[in-house]
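Mapping of the sequence shown onto UniProt numbering: position 630 corresponds to residue 630, and the numbering continues sequentially without gaps.
Beta carbons: idealized from backbone N, C-alpha and C, even for Gly.
The structure appears right after this line, and notes come after that.
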Amino acid sequence: MSTAQEDKAKLPVPKNLLFIEHDVPSSTAASASTTPTDPSVADPLAAVGAGIPPPLPQTNGATSPPVANLAQRVGKLGLKETKLPDVHAEPHEYYGGAESGVAGTTKRRPAEMGGEKISRNRRLSHGTASSNAHKAFDIRGTYMLSNLLQELALARDYGRKRIVLDEARLAENPVDRLSRMIKNSFWNALTRRIDAEGLEVACADPKNRSQHTKARIYIPHGEEEMAEHYRQILNDKPGILALAMDKKVDKDGKVKLEALPFIVPGARFNEKYGWDSSIVEHCIFEIKHYNKVLNGNRSYYLARSQPPFLTDLALQIYNQLDRSQKEENKSWLKRVIQAAIKEYHSYWMSTPSLDPASGLSRYRPVGLGIPPETEATHFTHILQPYAQKLGISVNEYIDGYNNLTIAEPELDEYFLHDRGVRESGHDTSYRLDRKCGDLGTYEFDIASAIDVAFDGEMDLEEEFPLSPWPITVEAFAEGAPRQSSTATIQTSKHWFERAARRKDVMDELCWNDGYGMYFDYDTKAKKQARYESVTALWPLWAGCASETQALKLVRHALPKFEVAGGLVSGTEESRGIISLDRPNRQWDYPYAWPPHQIMAWVGLERYGFVDDAARLAYRWIYMMTLSFVDFNGIVPEKFDAVELSHMVDAEYGNQGTEFKYVPREGFGWMNSAYQIGLQCLSTGMRRAVANCVPPWVFFNLSAPDFSSARKRRAEREAREAEAAASGHGGAPKLEVHHDPPSLEEAVARLKLELGQSQ
Numbered sequence: 001m002s003t004a005q006e007d008k009a010k011l012p013v014p015k016n017l018l019f020i021e022h023d024v025p026s027s028t029a030a031s032a033s034t035t036p037t038d039p040s041v042a043d044p045l046a047a048v049g050a051g052i053p054p055p056l057p058q059t060n061g062a063t064s065p066p067v068a069n070l071a072q073r074v075g076k077l078g079l080k081e082t083k084l085p086d087v088h089a090e091p092h093e094y095y096g097g098a099e100s101g102v103a104g105t106t107k108r109r110p111a112e113m114g115g116e117k118i119s120r121n122r123r124l125s126h127g128t129a130s131s132n133a134h135k136a137f138d139i140r141g142t143y144m145l146s147n148l149l150q151e152l153a154l155a156r157d158y159g160r161k162r163i164v165l166d167e168a169r170l171a172e173n174p175v176d177r178l179s180r181m182i183k184n185s186f187w188n189a190l191t192r193r194i195d196a197e198g199l200e201v202a203c204a205d206p207k208n209r210s211q212h213t214k215a216r217i218y219i220p221h222g223e224e225e226m227a228e229h230y231r232q233i234l235n236d237k238p239g240i241l242a243l244a245m246d247k248k249v250d251k252d253g254k255v256k257l258e259a260l261p262f263i264v265p266g267a268r269f270n271e272k273y274g275w276d277s278s279i280v281e282h283c284i285f286e287i288k289h290y291n292k293v294l295n296g297n298r299s300y301y302l303a304r305s306q307p308p309f310l311t312d313l314a315l316q317i318y319n320q321l322d323r324s325q326k327e328e329n330k331s332w333l334k335r336v337i338q339a340a341i342k343e344y345h346s347y348w349m350s351t352p353s354l355d356p357a358s359g360l361s362r363y364r365p366v367g368l369g370i371p372p373e374t375e376a377t378h379f380t381h382i383l384q385p386y387a388q389k390l391g392i393s394v395n396e397y398i399d400g401y402n403n404l405t406i407a408e409p410e411l412d413e414y415f416l417h418d419r420g421v422r423e424s425g426h427d428t429s430y431r432l433d434r435k436c437g438d439l440g441t442y443e444f445d446i447a448s449a450i451d452v453a454f455d456g457e458m459d460l461e462e463e464f465p466l467s468p469w470p471i472t473v474e475a476f477a478e479g480a481p482r483q484s485s486t487a488t489i490q491t492s493k494h495w496f497e498r499a500a501r502r503k504d505v506m507d508e509l510c511w512n513d514g515y516g517m518y519f520d521y522d523t524k525a526k527k528q529a530r531y532e533s534v535t536a537l538w539p540l541w542a543g544c545a546s547e548t549q550a551l552k553l554v555r556h557a558l559p560k561f562e563v564a565g566g567l568v569s570g571t572e573e574s575r576g577i578i579s580l581d582r583p584n585r586q587w588d589y590p591y592a593w594p595p596h597q598i599m600a601w602v603g604l605e606r607y608g609f610v611d612d613a614a615r616l617a618y619r620w621i622y623m624m625t626l627s628f629v630d631f632n633g634i635v636p637e638k639f640d641a642v643e644l645s646h647m648v649d650a651e652y653g654n655q656g657t658e659f660k661y662v663p664r665e666g667f668g669w670m671n672s673a674y675q676i677g678l679q680c681l682s683t684g685m686r687r688a689v690a691n692c693v694p695p696w697v698f699f700n701l702s703a704p705d706f707s708s709a710r711k712r713r714a715e716r717e718a719r720e721a722e723a724a725a726s727g728h729g730g731a732p733k734l735e736v737h738h739d740p741p742s743l744e745e746a747v748a749r750l751k752l753e754l755g756q757s758q
C-alpha cells in the first residue's frame, strides 16, 4: 500500500454532512440570449433573412454568459410600457401575470421591445405567432423541439392561444433547466396535504385493486381532536393513514388544525414513504402511534417499516437551522432523538426484527397474506403450482389464502421474506429472495447527537420498555425483565458502546477481507450470503468502515458496480440467469437507483475519495441529463445504467415516464439525486455535462461496450419468446414502461386539443 493511498484514507471523518460542498457557485445566470432587448446589441437573428444560418445556442454549464441587460427587459404591451419577465422565468410569471396572460386572457404581442418597433414578420423566436405563415428559422435538435412542445403546453395551461417566445428559453442549458424545474416545479407537484383541499388528491391510490375504491382515512387511537377535524370535512366513508398536523390561530382567534405537507415519490406511489420522502414531523407522529416509521402511510403498510434514516435526516436539518434560535433548535432535535430511541428499542431491537443470537437487526416484519400493493400478476409464477394442486384458478387461490381458508406453510415462509424485501426498500431483488428475513442490517447513530447537542446525557419523556443490554439470547427470552425508558438516563457513552458493539459484529459476520467487501449475513444459515450488492458501500456512508476497509472497498468492490451511468444495484453474476420462470427484478443488475448513488457519493467523500465520488456523480448526472434532453424532459424512477436507458420492463416497469407534453413532477428521489449530484461536480464538470459530454470522454476512460449488452438482452428475450411459444414459463411479460409520444405525435395532439378548445 502506497503512502499516498494511506494518507487519502486517513482524512478526518466529517460530522453529519449530507455532502461535502465544493466551492461551486449556484447557477443563477441565464443561458445565452439570442433575443436582445438592448438596441445597441446586434440581433443574432438578423442574418437569417439574408440566408445565413443562425449560430447554435451556447449551453455552457454553470458559467453561461448572462443575457445583455437582463434586469432591463422592457417592452410595450399595446400602448403601455412594462417590464417583461425574465427569459427563464417560471411559467406562472412568463405566461401569466397582470395583462400578460392570466389564465383565460390573451397576452398581446409587444408592439415594442427595447424601444424598437416590432414588425409582424420580426423573427423573435421559434414560434409562429404573427409570422404570416413564415417560419422564423429552423429549430435545431430534438432537445429544442421538445422544449418548444413543453412551452406550448405550459402556455395553454395559462389560457394562452398565441405567444411570443424567447429563443433562449428553448435553448436553455439543460442542466440549468432540469435543476430549475426540480426546484421550482417538481417538488410542488409532489407535495400533498391531508386537509379539506388536498384530501382527494392525497387519498387517491393507483395501487388499489379492491372493489372498495372510496377513499378512507384512518386516525390513530387517542387523536380525538384530529378525528373530529376529519369528521367535519368528510361526508362519506372516507385507505390513507393520517399524518401530523399543526395548530394555527385563524383571524378570528380560533385554534384550528392545519395539515402539514409531505412529499410523495410520484406516479403510482401517492403516499409518504419511509426513505423516499421522510418528513421529520410525520416520522415522529408515526413512531408515537405505530412504534416505527412506516413503509408508507397506507393501511396495508402498518406492519412494516423501511431502512432507518430518521436520525441522519434530523441532524442534516438541525445543522441548517437558524443558529440564533439555539434553545428552540435543541428542543426540536430532542423530540426527534427521543422518537428515534423509541423506534430503536420498540422495533429494530425487538424480536422478530432483532436476531439475539447474532446481535444484528434484520428486515422481518410480521403479517400474513399477499402484499396488496403489488401489480396483479407479480406472484402468478409462485402461486400457479399451488392453485393447480387444488384445481382452482390463481385468483381463487389468492382469495382463499388471504382470507385464511387455504393454509400453506411454505407460502407463509415465502411471504414473510417478501414482506422483508419490501421493508428493506429493495423490492424486489434476487439478493433477498426467500431469505430477507434472515439478513442483518444496521442501526442508528444516536450517540453523537446526545454527545454534541445535549452534553452527553438526555432523559426520555415517553414511557416504553428498553431493549436489554448487553444483547444475549437469555435477556430477550419471553418474560425476561425490561427497564423502563423514563427510569433510565440516556448517555452518549452507552450509545457509543452500542455502536462499537454493532461494528464489531459487522466486522465479524459481514466483512469479508478476502473479497474486500461487506456481505449480508444469513441468520438462519449462520453464514455470509455471497450476493454482491452495491449496499456493500453503505458502511462508508455510515462511517463504520475502517480506513483499511474503505480502501479495499474502493479497490475491489467499487469496480464491480461502476457502469456507464453510475452504480448498478448488484453484479450480473450474482443476479444469475434471467428467464420467463425467473424474471428480472428491478433492484438487480442492470438497474440503478438514486439512494445507492447518493450514499456512495457521500461515503466516498467522507473517506477522502473525492475524485471517485465526482466521477460517479458525473456518470449519473450525464445519464439523467441525456434522458432529459433526448426524451422530452423525462425524469424516471430508475434507470438501466448499463444501456443508459429509462426503458425498464422489470416488474411494474418504470415510473415517472407517463406525462402529457411537459414533465410536471419528475420522481422524488431522482429529483434529489440530481440536485445533490451537481454539488459533487466542479465548474468544468458541470459545463461538460451540460453539453452532454460522455463520462468516458471527459475522464478519458474506456468506452462502454453497449453492443454486447444489447446483444445479451436480445438473446434473453429470444429465449423467453421461444419458451413461451413452446408452452413453458407462461406468457412473456408485457413491457409496461411509458415512452413519451414522438414529437410529431405530441404536436399533432396538442394542435387538436387547442383546436377543440377554441
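(1) In the DSSP output, which residue or residues are listed as bridge partners for ILE263?
(2) So what does DSSP say about GLN586, is it helix, strand or coil?
(3) Just to confirm, is the Cβ distance from THR523 to ALA357 under 8 Å?
(4) Residue range of the beta strand (DSSP E) that MET245 falls in?
(5) Suppose the cutoff is 6 Å on Cβ atoms and the five residues either side in sequence are ignored; what does the same chain contact list for ASP250 look like?
(6) Apply the 10 Å Cβ neighbour rule to PHE706 and answer buried if 16 or more other Cβ atoms are within range, or exposed otherwise.
(7) Within 10 angstroms of its Cβ, does ASN188 collect 16 or more other Cβ (buried), or is it exposed?
(8) With a floor of 3 residues, list each beta strand (DSSP E) that falls wholly inside the segment 137 to 188, ordered by position along the chain.
(9) Determine the DSSP secondary structure at PHE639, reduced to helix, strand or coil.
(10) Under a three-way DSSP split, which group does ALA215 fall into?
(11) When the Cα of PRO85 is compared with those of LEU148, ASP157 and LEU165, which residue comes out closest?
(12) Would ALA690 pass as a contact of VAL175 if the rule is Cβ separation under 8 Å?
(13) Report yes or no: do three or more beta-carbon pairs, one from the segment 632 to 647 and one from the segment 560 to 576, lie closer than 8 Å?
(14) So, with DSSP's three-state summary, where would you put PHE269?
(15) Quick check on the burial criterion: 16 or more other C-beta atoms within 10 angstroms. Buried or exposed for GLU172?
(16) Looking only at its chain, what residues have a beta carbon closer than 7 Å to the beta carbon of LEU313, apart from the 5 residues adjacent to it on each side?
(17) Please check the pair ARG585 and ALA650, which I expect to be a contact at CB under 8 Å, by giving their CB distance rounded to whole angstroms.
(18) Between TYR521 and the ligand MG, is there a pair consisting of the residue's CB and a ligand heavy atom that are separated by less than 7 Å?
(19) Give me the residue from TRP275, GLY633, ILE577 and GLU658 with the minimum Cα distance to GLU715.
(20) In whole angstroms, what separates the C-alpha of TRP601 from that of LYS326?
(21) Verify whether the separation of the beta carbon atoms of PRO559 and ARG615 is less than 8 Å.
(22) Once DSSP output is grouped into helix, strand and coil, what is the label at GLU478?
(23) Return the CA-CA distance between VAL635 and GLN549, expressed in angstroms with no decimal places.
(24) According to DSSP, which residues form a beta bridge with PRO465?
(25) Determine, using beta-carbon pairs with one atom in the segment 294 to 308 and one in the segment 318 to 337, whether at least three such pairs fall under 8 Å.
(26) CB-CB under 6 Å to PRO372, same chain, minus the five flanking residues each way: which ones, in chain order?
(27) With distances taken Cα to Cα, identify the nearest neighbour of LEU644 among GLU658, TYR622 and PHE659.
(28) With a cut-off of 8 Å on the beta carbons, I'd call HIS596 and VAL693 a contact; round off their distance for me.
(29) Just to confirm, is the Cβ distance from MET670 to PRO594 under 8 Å?
(30) Expressed to the nearest angstrom, what Euclidean distance is found between the alpha-carbon atoms of TRP469 and ASP630?
(31) Rounded to a whole number of angstroms, what is the C-alpha to C-alpha distance between LEU416 and LEU152?
(32) Going by the DSSP bridge assignment, what does LYS524 pair with across the sheet?
(33) For ALA155, collect the residues of the same chain with a Cβ closer than 7 Å to its Cβ; drop the 5 residues on either side in sequence, then sort them by chain order.
(34) Is the Cβ-Cβ distance between ASN270 and ASP205 less than 8 Å?
(35) Would you give the residue range spanned by the beta strand (DSSP E) that ARG362 belongs to?
(36) Can you tell me whether DSSP reads ASP86 as helix, strand or coil?
Let's see:
(1) THR191.
(2) Coil at GLN586, not helix or strand.
(3) Yes, the pair counts as a contact, with Cβ atoms nearer than the cut-off.
(4) For MET245, the enclosing beta strand (DSSP E) begins and ends at 245 to 249.
(5) If you ignore the 5 residues before and after ASP250, its C-beta comes within less than 6 Å of the C-beta of LYS256, all in its own chain and listed in chain order.
(6) Flag for PHE706 reads exposed.
(7) So ASN188 counts as exposed.
(8) Runs of beta strand (DSSP E) with 3 or more residues, each lying fully within the segment 137 to 188, are absent.
(9) DSSP places PHE639 in strand when its eight states are reduced to three.
(10) In this structure, ALA215 counts as coil in the three-state DSSP scheme.
(11) Checked all of LEU148, ASP157 and LEU165; the closest Cα to PRO85 is LEU165.
(12) Taking 8 Å as the Cβ cut-off, ALA690 and VAL175 qualify as a contacting pair.
(13) A contact exists between the segment 632 to 647 and the segment 560 to 576.
(14) Reduced to three states, the DSSP call for PHE269 is strand.
(15) Burial check for GLU172: the Cβ neighbour count within 10 Å reaches 16 or more, so the residue is buried.
(16) Beyond the five residues adjoining it in sequence on each side, LEU313 comes within less than 7 Å, by CB distance, of SER278 and VAL280 in the same chain, given in chain order.
(17) 6 Å between Cβ atoms; contact.
(18) The ligand MG is absent from the structure shown, which contains no ligand whatsoever.
(19) For the residues TRP275, GLY633, ILE577 and GLU658, the minimum Cα distance to GLU715 belongs to ILE577.
(20) Take the alpha-carbon of TRP601 and the one of LYS326: they are about 31 Å apart.
(21) No, Cβ-Cβ distance for PRO559 and ARG615 is not below 8 Å.
(22) If DSSP states are grouped into helix, strand and coil, GLU478 belongs with coil.
(23) Using only the alpha carbons, I get a separation of about 35 Å.
(24) Per DSSP, SER484.
(25) No contact exists between the segment 294 to 308 and the segment 318 to 337.
(26) Exclusion of the five residues before and after PRO372 leaves TYR300 as the residues of its chain whose Cβ lies within less than 6 Å of its Cβ.
(27) For LEU644, the nearest C-alpha among the options comes from TYR622.
(28) Contact doesn't hold; Cβ gap of about 24 Å is too wide.
(29) Result yes, Cβ atoms of MET670 and PRO594 sit closer than 8 Å.
(30) If you take the alpha carbons of TRP469 and ASP630, they lie about 56 Å apart.
(31) If I take the Cα positions, the gap works out to 50 Å.
(32) Answer by DSSP bridge pairing: none, since LYS524 is not bridged.
(33) If we look at ALA155 and ignore the five residues flanking it on each side, its Cβ neighbours are TYR95 and ILE163.
(34) Closer than 8 Å, so yes.
(35) 360 to 362 is the extent of the beta strand (DSSP E) around ARG362.
(36) Coil.
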